[in-house]
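Protein chains in written order, with the numbering used here: chain C, 4 to 436; chain B, 5 to 149.
Below is the structure:
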């Protein structure tokens, strides 16, 4: 089923006209009502009227997380404060959080985008959605909530944590759709198995997961454990929250709601736009947002855009799952390493738990990578030489993936920190030395 | 008579306090260790134990998040004097049986020592030792020590 066929299956030519009209309108709105944007536009020597074609978007200035921090908290709002009905913030783990403000119209757009996405993975008004995303300043919880309510699903706003209770509710309420971050999902599965939950008796139809990077192998693992297909949700607080892009039943990339959010791919070093199909940093512009229009936001997420009609019938452009962040990319001895590559290598080992931690150090002016991996009973052997062999094997898999020699340390099970939100996979100790 | 002794092997990180934690679990579970050895590398170690109730103890350790495997070893009573062990190893050598590791302990009451052997071929090892005139001790007796 398609939630909004008119928008989701629009002809490319029609969509481009709509996007251009909306782009001109939003640029004008930002320029006239946000002093910070007026300054950015003026510095770049561009006026909203200069936008004649969609390609002219490339002349507009970028917005970065730093820009948003400079005007913290409400400096990006383009309407009078009384029209803002809700605010959310990013987690603020890397500095001051960034704030996102929504008018009633913005909340409608958000609900619409999430409703489209939930329908992509099969949600109907018959479904019972257990939303383990946190309710609060984090956008994850409310985004899913609004989308589910728009469709008319029954939503269980259980939020994150209380893992045993999650399992009990899942069983007692007959949850049909689960929403979680990949790392919390894996943790949940682990606890469910300890509690002796029988998945065959569960009525799970699909899983929506997001807010974190994942690999194909992690998805497979989640699908295997929960015995249900898992679909990707993408979004970010600065743009709206979850709902920017979601995956359809083909599980082959996420459809961007491009009538509301205009995507571009740039080279993060040169800042030049890259042609379709090339891998680079995703840049997003909100085309319809009223409370806080955002022009060319640099997401720092690495992906690829692909156009062409999807088997699901939608014409919305697709992005690949995020395969890296321009900022969690580790430069080890000059080589770019993404945690997702390490994860991919680890999941090639049978019997390995997908819990790991990457530690970068610089002991003798030379970068070293240590990967802590939890051993499991499938992997453990009574022979030292076999254990050393397993460690070497993992090291070789990683070497094949990233081209660098690393040191793998097997640690005892359940000793690496589990997350109930975003997992801390990388510890870079180099800057403190 | 069961001649294969069940041995627990526990995975330990080579980190301060890990061995103590395992032993604390055993103490709380009132498990009296009959024999113990540890093999280690710079990163990790394997703690090998002989206990009276191996299956129950395995479960106890697993409940405390340890990785545990059960393996088998042979127990042989030997003279507690120079050359006692050499004699036993000689028998295995003569029969071309590879030994992966061994550890021994002294039984005070009886003035004998007991060696625990883990050959690649455990059945072959038992046969060779018995044929060679050694006293292979039953599992029952070891657990009861």
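The beta carbon of each residue, even a glycine, is placed where N, CA and C say it ideally should be.
When the Cα atoms are used, residue 296/C and residue 255/C turn out to be separated by approximately 30 Å. Under the DSSP assignment, residue 109/C falls in the alpha helix (DSSP H) whose first and last residues are 107-123.
Against chain B, the CB of residue 194/C has no partner CB under 9 Å away; the residue lies outside that interface. Assignment of alpha helix (DSSP H) within the region 213-295 of chain C, counting only whole runs of 4 or more residues, yields 219-229 in chain order. Looking at the backbone, the Cα of residue 165/C and that of residue 171/C are separated by about 10 Å. Annotated as distal: residue 74/B and residue 378/C, with beta-carbon spacing of 9 Å or more. Linking residue 68/B to residue 48/B through their CA atoms gives a straight-line distance of about 18 Å. Residue 102/B: not part of any beta strand (DSSP E); DSSP gives it neither H nor E.
Taking a C-beta distance under 9 Å as the contact criterion, residue 403/C and residue 371/C do not qualify as a contact pair.
Shortest Cα-Cα distance from residue 149/C to any of 420/C, 89/C and 207/C involves 89/C. For residue 50/B, the neighbours in chain C by C-beta distance under 9 Å run, in chain order, 383, 384, 385, 386, 387 and 390. Taken atom to atom, the span from the alpha-carbon of residue 228/C to that of residue 201/C is near 11 Å.
The CB of residue 97/B never comes closer than 8 Å to any CB in chain C; the least such distance is about 20 Å. At a cut-off of 9 Å between beta-carbon atoms, residue 127/B makes no contact with chain C. Under a criterion of Cβ atoms nearer than 8 Å, the residues of chain B adjacent to residue 415/C are, in order, 15, 16, 17, 22, 69, 70 and 71.
For residue 43/B, the nearest beta carbon of chain C is closer than 9 Å to its own beta carbon. Looking at the backbone, the Cα of residue 93/B and that of residue 412/C are separated by about 35 Å.
Using a C-beta cut-off of 8 Å, the region 380-393 of chain C makes no contact with the region 17-24 of chain B, since fewer than three inter-stretch Cβ pairs fall below that distance. Pairwise C-beta distances place the region 297-307 of chain C out of contact with the region 114-127 of chain C, as fewer than three of them are shorter than 8 Å.
The Cβ neighbour count for residue 420/C, taken over all protein chains shown within 10 Å, is under 16; the residue is labelled exposed.
Around the beta carbon of residue 211/C, 16 or more other beta carbons lie within 10 angstroms, which makes this residue buried. Judged by DSSP secondary structure, residue 123/B falls outside any alpha helix (DSSP H) and instead within the beta strand (DSSP E) spanning 116-123. A Cβ-Cβ contact shorter than 9 Å links residue 135/C with residue 191/C. For residue 32/C, the uninterrupted alpha helix (DSSP H) segment begins and ends at 15-36. Contact between residue 50/B and residue 15/B is confirmed by a C-beta separation of about 7 Å, below the 8 Å threshold.
Taking the CA atoms as reference points, residue 234/C sits about 33 Å from residue 28/C. Within chain C, 386 have C-beta atoms less than 8 Å from the C-beta of residue 104/B, given in sequence order.
Boundaries of the alpha helix (DSSP H) harbouring residue 28/B: 22-32, taken from the DSSP string. The beta carbon of residue 42/B is closer than 6 Å to those of 49 and 51 in its chain, skipping five residues each way along the sequence. DSSP lists 118/B and 139/B as the beta-bridge partner residues of residue 81/B. Contact with chain B is found for residue 412/C, since one of that chain's Cβ atoms lies less than 9 Å from the residue's Cβ.
Residues 333 and 405 of the same chain have their beta carbon placed closer than 6 Å to that of residue 340/C, with the five preceding and five following residues left out of the count.
For the pair residue 12/B and residue 78/B, the CB atoms are not nearer than the 9 Å cut-off. At a cut-off of 9 Å between beta carbons, residue 47/B contacts chain C. Taking residue 129/B as the centre and dropping the five residues before and after it, the same chain places the C-beta of 78, 96, 101, 121 and 123 closer than 7 Å to its C-beta, in chain order. For residue 141/C, there is no enclosing beta strand (DSSP E), as DSSP marks it with neither H nor E.
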